[in-house]
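Chemist: Take 317 as the starting number for the sequence shown in my numbering and just add one per residue. Idealized CB from N, CA, C, for every residue including glycine. A quick note: this is a predicted structure, and the numbers were derived from the prediction, not measured. If you scroll down you'll find the structure; I have some questions about it.
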Amino acid sequence: MNLLYDDVFRVKTKEGSERLTLPSLLSRLAKNDVDHFVGMQRHQADAFHVFLSYLAAAVLARCSIWEPKQDEAFWREGLLNLAGKSGKAAWQLIQEDITQAAFMQPPLPKDAKATSEVAAADQLDVLQTAKNHDVKRTRAAFSSIDTWVYSLISLQTMSGFLGRGNQGISRMNSGFGNRAIVELLRTKEPGQRWLDALARLKIHRQELAQSHFGYSADGLVLVWLMPWDGETSLELAQLDPFYIEICRRVRLRRRGTSIVAQLYSAEKPRIAAKDLKGAVGDAWLPVDLKEVRGRKEAELRALTFPAAGINAEHMRRLIFKQAVKLSPLQNPLDEWQEDLWLSASVLIRGQGTTDGFYEWDVLIPKEKVVSIFGRTGDRSLEALSRESIEQAAVMQNRVLKPAVFAHILGAPDQLRLDDEFATAIWANLVREFEVKWSGKYFPWLFSVPEKFAQDQEIRRWVEILRDIALEVLEKVEAALPGHGGRTYRIRTQVRNRFWGGLYRHFEFLRRENGEHTVST
317 MNLLYDDVFR
327 VKTKEGSERL
337 TLPSLLSRLA
347 KNDVDHFVGM
357 QRHQADAFHV
367 FLSYLAAAVL
377 ARCSIWEPKQ
387 DEAFWREGLL
397 NLAGKSGKAA
407 WQLIQEDITQ
417 AAFMQPPLPK
427 DAKATSEVAA
437 ADQLDVLQTA
447 KNHDVKRTRA
457 AFSSIDTWVY
467 SLISLQTMSG
477 FLGRGNQGIS
487 RMNSGFGNRA
497 IVELLRTKEP
507 GQRWLDALAR
517 LKIHRQELAQ
527 SHFGYSADGL
537 VLVWLMPWDG
547 ETSLELAQLD
557 PFYIEICRRV
567 RLRRRGTSIV
577 AQLYSAEKPR
587 IAAKDLKGAV
597 GDAWLPVDLK
607 EVRGRKEAEL
617 RALTFPAAGI
627 NAEHMRRLIF
637 KQAVKLSPLQ
647 NPLDEWQEDL
657 WLSASVLIRG
667 QGTTDGFYEW
677 DVLIPKEKVV
687 SIFGRTGDRS
697 LEALSRESIE
707 QAAVMQNRVL
717 KPAVFAHILG
727 APDQLRLDDE
737 FATAIWANLV
747 REFEVKWSGK
757 YFPWLFSVPE
767 KFAQDQEIRR
777 WVEILRDIAL
787 EVLEKVEAAL
797 PGHGGRTYRI
807 RTQVRNRFWG
817 GLYRHFEFLR
827 RENGEHTVST
């Protein structure tokens, strides 16, 4: 089965269900004729998009033709040229001779011994132990050919360190980090998204040519072409700026009518870039410039999302370029005048586990595009965005939390905010509060007029926060025990704590609304 000549990919197009080769897929994407990839899991979609974009951009760069609307023959020839002496074998999905390259599978020494084997594409994927996502592994003993392709790409381009012998990618800050995919979009239609990415990758490639990374314009694109003994690493100077990396020694083999994947140990990472902490010029991965506690100055490193996933503050920083370095993929082209989406996705990893797949799309109305992305953008909206996040933290920790703890603990005279029992319950409630206000945050922020009074807009935002906090508090009061005959006393003290904290930290509400007690 060869990706250049066989109809590997099951897709839904404008004409219906079809099967396409890789070159025909690129040709159809250029026509924006692909609606959906059959058999692809959501966490694999962005990895495949990045793969297709880097691959096509490398072909166009080598031809010095930045026009992606080409026919199948053009793309087949371009992909063969990237493969060099390996030729069509580089695109063969299964090659029984392990000393020869196969798709996303490096040549190995002939005496190499596999350390493990998996019999389903799901098992090969970047996912480890499922935790809080709904992706199920090993769903069927039989895996369609294209699912093996998606799993190979996900494994080889998104994996982190997974114990001795299982190395991680270079486009990630440390082996236990994660690779975020952040992109400004006009649409999520696969074809148009791909076309828009290619237009900006041309700009990005020009920038990388002036960078300190030392990439070679005619360097290696398909990293799996080079033999790998597990002991040697490639330098960035050997690579094309749009290199498609691999991080694991893996080979697909035939077992009767089925396919299995054999994995081989590697003592060193394939790409020698550990000191760069993932900041290697990846077009989809922002560079974090935020100061690290204990350091006098910022340290360049790839943006890494925490175990809790993506939150509103992360998206706010990305939109307003606060303490992050972005690439052309996170910025619009000059001619873009419509609504835009800032899209971020990440698979959070722990040590040998997967904590969850997270994604967040923020709609940026066309009326705000110039003020946010313009070269002389108005910074007043950024200041408002920053203060409103701070106010959410005050509402959470100074108003809602004491009231919730008071109810849980039966309104004690001395309230302990470090109580373990209350803290365990609070963990779920604070997440609910954050999810609710986060869903309203960007629609509110982008609803403010071009000229606005910050105090007035903050007041409007705090009122939204207050209403959400009350919803959460009322849910607590309805769900948790009321401590028998003390119910009225507890409710009174809880409400007094809530309104007292609210007016203490947001005095303008006291002046406007007057006092509240349990009776109101």
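Determine, using beta carbons only, whether LEU440 and SER467 come nearer to each other than 9 Å.
Modeler: In this structure, SER467 lies closer than 9 Å to LEU440 by Cβ.
Chemist: Which same chain residues, not among the five before or five after ALA699, have their C-beta less than 8 Å away from its C-beta?
Modeler: Cβ neighbours of ALA699 beyond the five flanking positions: GLN770.
Chemist: Is it the case that the stretch 636-653 contacts the stretch 470-486, given that we only count it when at least three CB pairs across the two stretches are under 8 Å?
Modeler: With the cut-off at 8 Å, the stretch 470-486 and the stretch 636-653 do not touch.
Chemist: Pull up the distance between the alpha-carbon of LEU663 and that of THR620, whole angstroms please.
Modeler: Going from the Cα of LEU663 to the Cα of THR620 covers about 10 Å.
Chemist: Is the Cβ-Cβ distance between SER369 and LEU514 less than 9 Å?
Modeler: Closer than 9 Å, so yes.
Chemist: Which residues does DSSP list as the beta-bridge partners of GLN408?
Modeler: Paired residues: ASN318.
Chemist: Count the C-beta pairs between the stretch 581-597 and the stretch 624-636 that are closer than 8 Å, then say yes if the count reaches three, no if not.
Modeler: These segments do not touch.
Chemist: Using the C-alpha atoms, what's the distance from LYS752 back to TYR819?
Modeler: Cα-Cα distance, rounded: 22 Å.
Chemist: Give the straight-line distance between the Cα atoms of THR454 and SER581, rounded to the nearest whole angstrom.
Modeler: For THR454, the pLDDT reaches just 46, beneath the cut-off of 50, and the residue's location in the model is therefore unreliable, leaving the point undetermined.
Chemist: Relative to the alpha-carbon of VAL327, which residue among ALA363, LEU320, GLU615, ARG344 has its alpha-carbon at the smallest distance?
Modeler: Nearest of ALA363, LEU320, GLU615, ARG344 to VAL327, Cα basis: ARG344.
Chemist: Sort out for me which residues DSSP pairs THR329 with in a bridge.
Modeler: GLY332, VAL350.
Chemist: Per DSSP, GLU675 forms a beta bridge with which residues?
Modeler: According to DSSP, which records beta bridges pairwise, GLU675 is partnered with SER661.
Chemist: Closest to ARG665 by C-alpha separation, out of PRO622, ARG586, VAL375, would be which residue?
Modeler: The option with the nearest alpha carbon to ARG665 is PRO622.
Chemist: If you drop the 5 nearest sequence neighbours on each side, which residues of the same chain put their C-beta closer than 7 Å to that of ALA708?
Modeler: Contacts found: TRP753, LEU781.
Chemist: Between HIS821, GLY493, LEU424, GLY816, which has its C-alpha nearest TRP540's C-alpha?
Modeler: Of HIS821, GLY493, LEU424, GLY816, the residue nearest in Cα terms is LEU424.
Chemist: Does the contact criterion of 3 or more C-beta pairs under 8 Å hold for the stretch 330-347 versus the stretch 386-393?
Modeler: Yes, the stretch 330-347 is in contact with the stretch 386-393.
Chemist: Could you give the distance in angstroms between the alpha-carbon of LEU789 and the alpha-carbon of HIS520?
Modeler: Spanning the two alpha carbons is a distance of roughly 49 Å.
Chemist: Going by DSSP in three states, ASP427 sits in which element: helix, strand or coil?
Modeler: Coil at ASP427, not helix or strand.
Chemist: Return the chain-ordered list of same chain residues with a C-beta closer than 8 Å to the C-beta of ARG571, the five sequence neighbours on each side being excluded.
Modeler: Closer than 8 Å at the Cβ level, and outside the excluded window around ARG571, lie ALA435.
Chemist: Decide if GLU561 is buried, meaning its Cβ has at least 16 other Cβ atoms within 10 Å, or exposed.
Modeler: GLU561 should be labelled buried.
Chemist: Name the residue from SER701, GLN526, MET631, LEU517 whose alpha carbon lies nearest to the alpha carbon of PHE367.
Modeler: Minimum Cα distance to PHE367 is reached at LEU517.
Chemist: Could you tell me if PHE768 is buried or exposed, where buried requires 16 or more neighbouring beta carbons within 10 angstroms of its beta carbon?
Modeler: With fewer than 16 other Cβ atoms within 10 Å, it is exposed.
Chemist: So the candidates are GLU766, VAL792, GLU779, PRO759; which of them puts its Cα closest to the Cα of GLU748?
Modeler: Nearest C-alpha to GLU748: VAL792.
Chemist: Please name the residue in GLN411, ILE680, ALA794, GLN712 whose C-alpha comes closest to that of SER659.
Modeler: Of the candidates GLN411, ILE680, ALA794, GLN712, the one whose C-alpha sits nearest the C-alpha of SER659 is ILE680.
Chemist: What are the complete alpha helix (DSSP H) segments, minimum 4 residues, inside the stretch 544-607?
Modeler: Segments of the alpha helix (DSSP H) lying fully in the stretch 544-607: there are none.
Chemist: Between which two residues does the alpha helix (DSSP H) holding GLU393 run?
Modeler: Element bounds for GLU393: 388-399.
Chemist: If I'm right that VAL596 touches HIS723 with Cβ under 8 Å, what's the distance once you round it to whole angstroms?
Modeler: No, VAL596 and HIS723 are not in contact; Cβ-Cβ is about 50 Å, not under 8 Å.
Chemist: Pick out whichever of THR803, ALA719, LEU725, PRO543 has its Cα sitting closest to the Cα of GLN416.
Modeler: Closest option to GLN416, Cα to Cα, is PRO543.
Chemist: Can you give me the C-alpha to C-alpha distance between MET474 and ASP462, rounded to a whole angstrom?
Modeler: Near 18 Å, if we compare the C-alpha coordinates of ASP462 and MET474.
Chemist: For GLY755, which of LEU376, ASN489, GLU629 has the nearest alpha-carbon?
Modeler: Comparing Cα positions, the closest option is GLU629.
Chemist: Checking 9 Å against the spacing of the C-beta atoms, do VAL566 and GLN357 come in under that value?
Modeler: No; because the gap between Cβ atoms is not below 9 Å, this pair is not in contact.
Chemist: Starting from LEU511, trace the beta strand (DSSP E) in both directions and tell me its first and last residue.
Modeler: Careful: LEU511 lies outside any beta strand (DSSP E), inside the alpha helix (DSSP H) at 506-525.
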